[in-house]
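So the sequences go chain by chain: A and B.
My numbering applies: residue 22 is where the first sequence begins, and numbers increase by one.
My numbering applies: residue 167 is where the second sequence begins, and numbers increase by one.
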Amino acid sequence: MPSASDPRPAIHVEDLSVTYRTSVERRPTLRSMIVRAGRRERYVHEIEAVKDVSFEVPRGSVLGVVGANGAGKSTLVRSIAGILPPTAGRVEVNGRVSTLLALGVGFNRRLTGRENVVLGGLAAGWSREELAAKYDDIVRFAELKKFMDLPMRMYSSGMYGRLAFSVAVNMDPDILLIDEALSVGDARFKRKSFRRMRKLCEADATVVLVSHALQSIKDLCDQVIWMHEGELRMWDEPDAVIEAYTEFLEVGEDAVTMEDV
Amino acid sequence: MSTEAPQRHRLEDEFTSEHHVYEPHKVGLPPIGSYVRELWRRREFAVELARTNLRSQHFNTVFGQLWLVINPILLAGVYFVLVDILRSGSRGDEFFAHLMAGLFAYYFVQQSLQQGVRSVVSGGRLILNTAFPRALLPISAVVAAFMRFVPTFLIYIPVHLITGLPIGPELLWLIPIMLILVVFTSGMTMLVAAGQVYFRDIKNFLPYATRIWLYATPILYYAREVPDRYDWMLSVNPLAPIITSWSAVIDKGSTPPLDDMLLACAWALGVFVVAAVFFVSREREFAVRL
Numbered sequence: 022m023p024s025a026s027d028p029r030p031a032i033h034v035e036d037l038s039v040t041y042r043t044s045v046e047r048r049p050t051l052r053s054m055i056v057r058a059g060r061r062e063r064y065v066h067e068i069e070a071v072k073d074v075s076f077e078v079p080r081g082s083v084l085g086v087v088g089a090n091g092a093g094k095s096t097l098v099r100s101i102a103g104i105l106p107p108t109a110g111r112v113e114v115n116g117r118v119s120t121l122l123a124l125g126v127g128f129n130r131r132l133t134g135r136e137n138v139v140l141g142g143l144a145a146g147w148s149r150e151e152l153a154a155k156y157d158d159i160v161r162f163a164e165l166k167k168f169m170d171l172p173m174r175m176y177s178s179g180m181y182g183r184l185a186f187s188v189a190v191n192m193d194p195d196i197l198l199i200d201e202a203l204s205v206g207d208a209r210f211k212r213k214s215f216r217r218m219r220k221l222c223e224a225d226a227t228v229v230l231v232s233h234a235l236q237s238i239k240d241l242c243d244q245v246i247w248m249h250e251g252e253l254r255m256w257d258e259p260d261a262v263i264e265a266y267t268e269f270l271e272v273g274e275d276a277v278t279m280e281d282v
Numbered sequence: 167m168s169t170e171a172p173q174r175h176r177l178e179d180e181f182t183s184e185h186h187v188y189e190p191h192k193v194g195l196p197p198i199g200s201y202v203r204e205l206w207r208r209r210e211f212a213v214e215l216a217r218t219n220l221r222s223q224h225f226n227t228v229f230g231q232l233w234l235v236i237n238p239i240l241l242a243g244v245y246f247v248l249v250d251i252l253r254s255g256s257r258g259d260e261f262f263a264h265l266m267a268g269l270f271a272y273y274f275v276q277q278s279l280q281q282g283v284r285s286v287v288s289g290g291r292l293i294l295n296t297a298f299p300r301a302l303l304p305i306s307a308v309v310a311a312f313m314r315f316v317p318t319f320l321i322y323i324p325v326h327l328i329t330g331l332p333i334g335p336e337l338l339w340l341i342p343i344m345l346i347l348v349v350f351t352s353g354m355t356m357l358v359a360a361g362q363v364y365f366r367d368i369k370n371f372l373p374y375a376t377r378i379w380l381y382a383t384p385i386l387y388y389a390r391e392v393p394d395r396y397d398w399m400l401s402v403n404p405l406a407p408i409i410t411s412w413s414a415v416i417d418k419g420s421t422p423p424l425d426d427m428l429l430a431c432a433w434a435l436g437v438f439v440v441a442a443v444f445f446v447s448r449e450r451e452f453a454v455r456l
């Protein structure tokens, strides 16, 4: 475990750029590639998702990430998680990371909740003993005791999200990365997850929270970055960034944007 | 640059749980040492995934497991009758044993490929959510196929005894040959699994490919019976030397021919290295391609 005296920031992002190529089609096939090559159409296109972004997150704090759809928020968090490689620059992460980036613990809706939790945990590098020790906490926090042995396709989206969140926070992470996951639970579960995240921070953990729910960002974060078209537009106190961001959205801080939608 | 050396050192920590540094290596390979270490550390995941997948296909029920052995036996029977008719009924019991053993080994390859081709693409959410060595996904398909192979091989043993094929210490050669087959199959499975990410119709071509491959491999006939004008077919088929060695041990209880064994090793290692480099150098792109 990194000690409290460790002077290094939990996350240090330096001149990070992420560019990736993806296919034009949702479901690329050999056949369509041959057809497209015949017509001399482009088969792949390049996306500059993150451009030259630098910031750092001190240990024990919560960083909020806001920005419009397609601003590069998810790509940024994925590269902090080590899922997407940087094209340029570097990312340094000090601590054990737990992620909640795509909704659902993981795998396969045909499998039961229990199987998904076990597979997700093993993939993330936990041992069977660690998993067994945490399993009851995960189920209790998600309030899904009766559903763990049912296939996950029978879960509601709220249950899906609750289990995913519960897995992520119950693994005692030093660093928790969350991508728009708080909107799935009901108000009560949301309050519960806020409390849990604060508790993690008091225990010196670091949280990165991507959300469109500006009120959540305001309530939880110590600092906020605003991503715009892959660039870091602003990095400041929550109030300042949210004011500038809502002004940019030309909507003002009305109920719709502040609400957790 | 003077900073080069310490950075390279820190790169070693790719997947470890405490300190991570991520730097560009999109087209290159991640550090092999730590990749293999992390792969080994999470071997439980590959086994658990294989077991879970078999379970979700109902192979934990009595009839499911029964089907697991009945199906290949039925197919071996059908192929035997077919080949025997084509040869005007001249095939004996020992040919049935040859066909059955070869077919079961071949089904291991086929099952690996068929499960493996989907392994990365259907791993969607896990890949989007978690950083782990993606090679675990195709490897898990190979593990599952092996779990299905073992009971079929147990069924083969009485057939071997009844047909009176030779029994002796030479049969132990089946173990290294199986090992070669596993290495080769792991390579092929990684290739199709990575390929499927880029071309989603590989899955549709695969059943045809594996059927043709079966016919081009000396299973439904003896390698020595292949006419000269089709010799090229065996010489370009990487499975031919492996299955020929396998059959030499099964049919004659003899040490497999050295040239076939060497060729088999060369194919297996070659395919495995090429496939592993291709897969691992591409795997970090999978998250944006799904």
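Ideal Cβ placement from N, Cα and C applies to all residues, glycine included.
Source: prediction; values computed, not measured.
B/GLY258 and B/ILE385 do not touch by the CB rule: their CB atoms are close to 16 Å apart, not below 8 Å.
For A/PRO79, the closest alpha carbon among the candidates A/LEU97, A/ARG29, A/GLU271 and A/ILE199 is that of A/ARG29. Chain order gives the chain B residues near A/ARG52 as PHE365 and ASP367, where near means a beta carbon separation below 9 Å. The shortest C-alpha to C-alpha distance from A/LEU105 to any of A/ARG42, A/LEU143 and A/VAL86 is the one to A/ARG42.
ARG99, SER100, ALA102, GLY103, ILE104, LEU105, PRO106 and PRO107: these are the residues of the segment 92-107 of chain A whose beta carbon lies less than 7 Å from some beta carbon of chain B, given in chain order. When CB distances to chain A are screened at a threshold of 8 Å, the residues of the segment 193-218 of chain B falling below it are GLU204, ARG207, ARG208, GLU210, PHE211, GLU214, LEU215 and THR218, in chain order. For A/MET173, the closest C-alpha among the options A/ALA145, A/VAL114 and A/GLY134 is that of A/GLY134.
The Cβ atoms of A/VAL39 and A/VAL65 do not sit closer than 8 Å to each other. Every alpha helix (DSSP H) of 4 residues or more that sits fully in the segment 224-266 of chain B is shown, in chain order, as 228-252.
Around the beta-carbon of A/ASN137, 16 or more other beta-carbon atoms lie within 10 Å, marking it buried. Contact note: B/HIS185 reaches chain A through ASN115, using a C-beta cutoff of 7 Å and chain order. Inter-segment contact for the segment 296-310 of chain B and the segment 210-218 of chain B is present: three or more beta-carbon pairs are separated by less than 8 Å. Contact annotation: in the segment 291-311 of chain B, residues whose CB is within less than 8 Å of a CB in chain A are ARG291, LEU292, ILE293, LEU294, ASN295, THR296, ALA297, PHE298 and LEU302. The CB of B/VAL283 never comes closer than 9 Å to any CB in chain A; the least such distance is about 13 Å. Counting the other CB atoms within 10 Å of its CB gives B/PRO304 a total of 16 or more, which places it among the buried residues. Less than 8 Å separates the beta-carbon of A/ILE199 from that of A/LEU121.
The closest CA to that of B/VAL235, considering only B/GLY243, B/ILE321 and B/VAL202, is found on B/ILE321.
Against chain A, the CB of B/VAL286 has no partner CB under 8 Å away; the residue lies outside that interface. According to the DSSP assignment, A/MET255 belongs to the beta strand (DSSP E) that extends over 252-257. About 6 Å separates the CB atoms of A/VAL98 and A/VAL231; that is less than 8 Å, so the two are in contact.
Straight-line spacing of the CA atoms in B/ALA442 and A/ALA145 works out to 21 Å. Within chain A, the residues ARG99, ILE104 and LEU105 have their CB atoms less than 8 Å from the CB of B/ALA453, given in chain order. Proximity to A/VAL262 across A/GLY251, A/GLN244 and A/HIS233 peaks at A/GLN244, based on C-alpha coordinates.
Distance from the CA atom of B/VAL446 to the CA atom of A/ALA89, rounded to whole angstroms, is 33 Å.
Residues of the segment 219-250 of chain B with a Cβ closer than 9 Å to any Cβ of chain A, in chain order: ASN219, ARG221 and SER222. Counting only Cβ-Cβ distances below 8 Å, B/ARG450 has contacts in chain A at ILE104, LEU105 and PRO106, in chain order. Look at the segment 327-402 of chain B and you find no whole run of beta strand (DSSP E) that is 3 residues long or longer. Contacts with chain A at 8 Å (Cβ-Cβ) do not include B/GLU391. The alpha carbon of A/SER187 has as its nearest neighbour, out of A/VAL160, A/PRO194 and A/PHE76, the alpha carbon of A/VAL160. Within the same chain, VAL118, THR120, LEU122 and LEU198 come within 8 Å of A/ALA102 by CB-CB distance, once the 5 residues on both sides are set aside.
Contact fails between the segment 199-207 of chain B and the segment 287-295 of chain B, because fewer than three Cβ pairs, one in each stretch, are under 8 Å apart.
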